[in-house]
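K.L.:
Chains as they are written, first to last, in the working numbering: chain P, 258 to 513; chain R, 271 to 609. Yeah, the Cβ is synthetic: ideal placement off N, Cα and C, and Gly gets one too. Can you read through this structure? Questions will come right after.
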Amino acid sequence: MKIVACIKQVPDSAAKVVVENGRISWGDAPLVINPWDEFSIEAALQLKEKHGGTVTVISVGGENDKEAIKYALAMGADDAILITDPTLAGADTQAIAQVLASAILKIGGVEAGFFGRQAIDNDSGLTPAQTARLLNWPALTLAAVITYDGSRIRVERSIEEGRQSVSANLPVVISLVKDYGEPRYPSFMGIRKAARAEIPTWSLTTLGITAPAPVISWPEIMNPPSREVVCEIISGGTPDEIAETLADKILAEKVL
Amino acid sequence: MKIWVYIDHFKGKALPASWEVVGAGKKLGTVAALIFGQNVEALVKDAFEHGADEVLLADDASLADYSAEVFSANLATLATSGSPDIIMLPTTTRGREIAAMAAIDLKTGVMVDGIAIELQGDRLMVTRPIYAGKLLVKETCSTKPQIVTLRGRAFPKPTPEPGKTGTLTKVTPISGGELKTKVEGYSTSDSGVSLIDANVIVSGGRGVSNNPALTPPAGLDEKQAEIWRAQQGFTLVKELASVLGAAVGASRAAVDAGYVPYSHQVGQTGKVVSPDLYIANGISGAIQHLAGMRTSKVIVAINKDADAPIFKMARFGVVGDLFQILPALTTVFKKRLGK
Numbered sequence: 258m259k260i261v262a263c264i265k266q267v268p269d270s271a272a273k274v275v276v277e278n279g280r281i282s283w284g285d286a287p288l289v290i291n292p293w294d295e296f297s298i299e300a301a302l303q304l305k306e307k308h309g310g311t312v313t314v315i316s317v318g319g320e321n322d323k324e325a326i327k328y329a330l331a332m333g334a335d336d337a338i339l340i341t342d343p344t345l346a347g348a349d350t351q352a353i354a355q356v357l358a359s360a361i362l363k364i365g366g367v368e369a370g371f372f373g374r375q376a377i378d379n380d381s382g383l384t385p386a387q388t389a390r391l392l393n394w395p396a397l398t399l400a401a402v403i404t405y406d407g408s409r410i411r412v413e414r415s416i417e418e419g420r421q422s423v424s425a426n427l428p429v430v431i432s433l434v435k436d437y438g439e440p441r442y443p444s445f446m447g448i449r450k451a452a453r454a455e456i457p458t459w460s461l462t463t464l465g466i467t468a469p470a471p472v473i474s475w476p477e478i479m480n481p482p483s484r485e486v487v488c489e490i491i492s493g494g495t496p497d498e499i500a501e502t503l504a505d506k507i508l509a510e511k512v513l
Numbered sequence: 271m272k273i274w275v276y277i278d279h280f281k282g283k284a285l286p287a288s289w290e291v292v293g294a295g296k297k298l299g300t301v302a303a304l305i306f307g308q309n310v311e312a313l314v315k316d317a318f319e320h321g322a323d324e325v326l327l328a329d330d331a332s333l334a335d336y337s338a339e340v341f342s343a344n345l346a347t348l349a350t351s352g353s354p355d356i357i358m359l360p361t362t363t364r365g366r367e368i369a370a371m372a373a374i375d376l377k378t379g380v381m382v383d384g385i386a387i388e389l390q391g392d393r394l395m396v397t398r399p400i401y402a403g404k405l406l407v408k409e410t411c412s413t414k415p416q417i418v419t420l421r422g423r424a425f426p427k428p429t430p431e432p433g434k435t436g437t438l439t440k441v442t443p444i445s446g447g448e449l450k451t452k453v454e455g456y457s458t459s460d461s462g463v464s465l466i467d468a469n470v471i472v473s474g475g476r477g478v479s480n481n482p483a484l485t486p487p488a489g490l491d492e493k494q495a496e497i498w499r500a501q502q503g504f505t506l507v508k509e510l511a512s513v514l515g516a517a518v519g520a521s522r523a524a525v526d527a528g529y530v531p532y533s534h535q536v537g538q539t540g541k542v543v544s545p546d547l548y549i550a551n552g553i554s555g556a557i558q559h560l561a562g563m564r565t566s567k568v569i570v571a572i573n574k575d576a577d578a579p580i581f582k583m584a585r586f587g588v589v590g591d592l593f594q595i596l597p598a599l600t601t602v603f604k605k606r607l608g609k
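Laid out in structure tokens, this is it:
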């Protein structure tokens, strides 16, 4: 199966993210592969291991985004493409989906597009469904379990009410949730291979498109209001005493 | 302003966030509620009573099972002829997906997961969290219809007005050729109250596996013994949750260690929640966890480490042994709440 996994590089989830002079800053926190995308790479690799094929990683971003790509290669992806173009500054999710759909078509013969459920920076979670829509492929999103019988692909989706089982013929878009299972760590050999890998760069000219005009804009980015709380420490002679006092306090807040 | 609100439901039962969106829409203009499904007439009455001026009902066998492709195509087709200014949906798994796909069909954009909205002229300005709430952004869309999804529990649920009615328009669903995705079935979860809708959440972290008073059964290796201890600890968390009618949450450390399934994780790579009451047990308060629960109204922290960052967020704190405090608290609440 020819698989493309779309990934994004983001600040580490432990980063303290703030707005300084209207710009988003994450200090010296490392940039990493979007944590949800690790599950997508894992699922893509497992499918490849069972059914043969290749896993190609694509990412839209700047030259710096090669760290995330190298991580995916070190996990075991076969090759990668970085799509970078100055005209993509300010691109919204609709624009990114168009770029990814164009890239998937240009690669050609792709049977599955894999995504993490969302990126932990923008948190929009729209790109998998939008890319599928542009390709006119079925979107099997929020997958916790994937099975493939050689013709039809089945997915158990994680939804509010539990699981929904859906199936579709290839080609498909699949997005992954954490329930899929732990992503593997890069192997030593994988890291060495990734370090040496040549990562081709595509521009929008390569794709034969112009930058889609963004329709969503962010007039203002703000730090959230700080939480002005003074913690009242409840103490007492015995656990029962503490529990009684704490229950009184909670009931007085009228939140139950 | 002409506002459309998509009513998200599962087998005819509306998700509470749907009515919150109707309420938010009413503040902007006249609201038409969109109801797609089969045998979902009962939702029409609910929609009117929660404030909808009009209902657009597509009740048809082709809509019996939710399918993102079909539902979004119906929404987009209706919107092309109906020309709403704004389409609003709850940020549920279905709402997000329908919004995403309909935006492509309608050549417009989606503003996801709004927690506050205001009109500036005929432009909607949506405030939403990014980086799991570490930052907020004001977002706007230059094309119409402006599509927005609203976060559950961020807007008040309107009080239903019994007997209120409105204009009911039945619409014929598009006949949608060959279906690409087939729904094969459902297995509903037994995980109890959903984290996203919960008024109260009781959460556990790594600390719940550290009860020194317990001796694991013989024959377990170190990792198995840790999980066994954690499961005993989470039993205490679940007992309090059960008495309070609460959902059970967990820190990333707890789910990564295999104590409870991922669906319980609160935080940047889990669920972002904002209950009225959040009780954190044995959770130190890593930044990515705090991001996921910082908007809870009242936070209570029980932790043996007085320096744990969770106390900086908490309204009430107990520095002590959760294995003693938690059962005592469950007993007290059982008595007080008459259970």
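Hey, would you say Lys323(P) sits closer than 8 Å to Met258(P), going by beta carbons?
P.N.:
Numbered from its first residue, the first sequence carries residue 323(P) at position 66. Numbered from its first residue, the first sequence carries residue 258(P) at position 1. For Lys323(P) and Met258(P), no; Cβs fall outside 8 Å.
K.L.:
Run through DSSP, which three-state label would Gln421(P) get?
P.N.:
Along the first sequence, one-based indexing puts residue 421(P) at 164. DSSP places Gln421(P) in strand when its eight states are reduced to three.
K.L.:
Would you tell me roughly how many angstroms separate the C-alpha atoms of Pro597(R) and Leu510(R), rounded to the nearest one?
P.N.:
Start at 1 with the first residue of the second sequence, and residue 597(R) comes out as number 327. Start at 1 with the first residue of the second sequence, and residue 510(R) comes out as number 240. Answer to the nearest angstrom: the Cα atoms are 8 Å apart.
K.L.:
According to a CB-to-CB cut-off of less than 8 Å, which residues of the region 579 to 594 of chain R neighbour chain P?
P.N.:
Going along the region 579 to 594 of chain R in chain order, one finds Phe581, Lys582, Met583, Ala584, Arg585, Phe586, Gly587, Val588, Val589, Gly590, Asp591 and Gln594 with a Cβ nearer than 8 Å to chain P.
K.L.:
Is the CB of Gly370(P) under 8 Å away from at least one CB in chain R?
P.N.:
In the first sequence, the residue the question calls residue 370(P) occupies position 113. So no, Gly370(P) is outside the interface.
K.L.:
Go through its chain and collect everything with a Cβ distance to Met271(R)'s Cβ below 8 Å, but skip five positions before and after it.
P.N.:
Numbered from 1 along the second sequence, position 1 holds the residue referred to as residue 271(R). These residues qualify, in order along the chain: Leu298, Gly299, Thr300, Asp355, Ile356, Leu389 and Asp392.
K.L.:
Taking Ser457(R) as the query, report the chain P residues whose CB atoms sit under 7 Å from its CB, ordered along the chain.
P.N.:
On the second sequence, residue 457(R) is found 187 positions in, with the first residue counted as 1. What Ser457(R) touches in chain P: Gly419 and Arg420.
K.L.:
Quick check on Met446(P): buried or exposed, where buried means 16 or more other Cβ atoms within 10 Å of its Cβ?
P.N.:
By one-based count along the first sequence, residue 446(P) stands at place 189. Exposed is the call here.
K.L.:
Can we say the region 470 to 482 of chain R touches the region 505 to 523 of chain R, given the rule of at least three CB pairs closer than 8 Å?
P.N.:
Touching, per the Cβ criterion.
K.L.:
Rounding to the nearest angstrom, what Cα-Cα distance links Gly489(R) and Asp269(P) in this structure?
P.N.:
Taking the first residue of the second sequence as position 1, residue 489(R) is located at position 219. Taking the first residue of the first sequence as position 1, residue 269(P) is located at position 12. Roughly 39 Å separates the two Cα atoms.
K.L.:
Which residues in chain R sit within 9 Å of Thr404(P), going by Cβ to Cβ distance?
P.N.:
Position 147 of the first sequence, counted from the start, is the residue given in the question as residue 404(P). Residues of chain R passing the Cβ test: none, with the nearest at roughly 11 Å.
K.L.:
Chain R partners of Gln266(P), CB-CB under 7 Å?
P.N.:
By one-based count along the first sequence, residue 266(P) stands at place 9. Within 7 Å Cβ-Cβ: nothing; Gln266(P) doesn't reach chain R, min ~14 Å.
K.L.:
Which residues in the same chain have their Cβ closer than 7 Å to the Cβ of Glu431(R), if we skip the five residues on either side of it in sequence?
P.N.:
Counting from one through the second sequence, the residue named residue 431(R) turns up at place 161. Counting only Cβ-Cβ distances below 7 Å, and skipping sequence neighbours, we find Glu319.
K.L.:
By DSSP, does Gln308(R) sit in helix, in strand, or in coil?
P.N.:
Reading the second sequence from its first residue, position 38 is the one you call residue 308(R). Coil.
K.L.:
Name the DSSP bridge partner or partners of Ala500(P)?
P.N.:
Taking the first sequence and counting its residues from 1, the one referred to as residue 500(P) is at position 243. Its beta-bridge partners do not exist; DSSP assigns none.
K.L.:
Name the chain P residues that come within less than 8 Å of Arg606(R), Cβ to Cβ?
P.N.:
Position 336 of the second sequence, counted from the start, is the residue given in the question as residue 606(R). Going along chain P in sequence order, the residues near Arg606(R) (Cβ under 8 Å) are Ala504 and Leu508.
K.L.:
Anything in chain R within Cβ reach of Pro457(P), meaning under 7 Å, just list it in chain order.
P.N.:
For this step, residue 457(P) is matched to residue 200 along the first sequence. Going along chain R, no residue has its Cβ under 7 Å from Pro457(P), so there is no contact; the nearest lies around 28 Å.
K.L.:
Can at least three beta-carbon pairs, one atom from the region 536 to 547 of chain R and one from the region 560 to 571 of chain R, be found at a separation below 8 Å?
P.N.:
Yes: the two stretches touch, three or more of their Cβ pairs being nearer than 8 Å.
K.L.:
What residues in the region 469 to 490 of chain P bring their beta carbon closer than 9 Å to a beta carbon of chain R?
P.N.:
Within the region 469 to 490 of chain P, the qualifying residues are Ala470, Pro471, Val472, Ile473, Ser474, Trp475, Pro476, Glu477, Ile478, Met479, Asn480, Pro481, Pro482, Arg484, Val486, Val487, Cys488, Glu489 and Ile490.
K.L.:
Less than 6 Å between C-beta atoms, sequence neighbours within five positions excluded: which residues of the same chain meet that for Lys281(R)?
P.N.:
Sequence index remark: in the second sequence, residue 281(R) carries index 11 (1-based). Answer for Lys281(R): no residue qualifies.
K.L.:
Which word fits Ala346(P), buried or exposed, when buried means at least 16 other C-beta atoms lie within 10 angstroms of its C-beta?
P.N.:
One-based indexing of the first sequence puts residue 346(P) at position 89. Answer is exposed; the Cβ neighbour count stays below 16.
K.L.:
Would you tell me roughly how many angstroms separate the C-alpha atoms of Ile507(P) and Leu513(P), rounded to the nearest one?
P.N.:
For the purposes of this step, residue 507(P) is taken as the residue at position 250 of the first sequence. For the purposes of this step, residue 513(P) is taken as the residue at position 256 of the first sequence. So the two alpha carbons sit approximately 8 Å from each other.
K.L.:
Leaving out five residues on either side along the sequence, give the residues of the same chain with a beta carbon under 8 Å from the beta carbon of Val507(R).
P.N.:
Residue 507(R) sits at position 237 when you count from the first residue of the second sequence. Once the five neighbours on either side are set aside, the close Cβ partners of Val507(R) are Val472, Ser473, Gly474, Val478, Val518, Asn551 and Leu596.
K.L.:
Between which two residues does the alpha helix (DSSP H) containing Arg449(P) stretch?
P.N.:
Within the first sequence, the letter at position 192 stands for residue 449(P). Here the alpha helix (DSSP H) through Arg449(P) covers Phe445 to Arg453.
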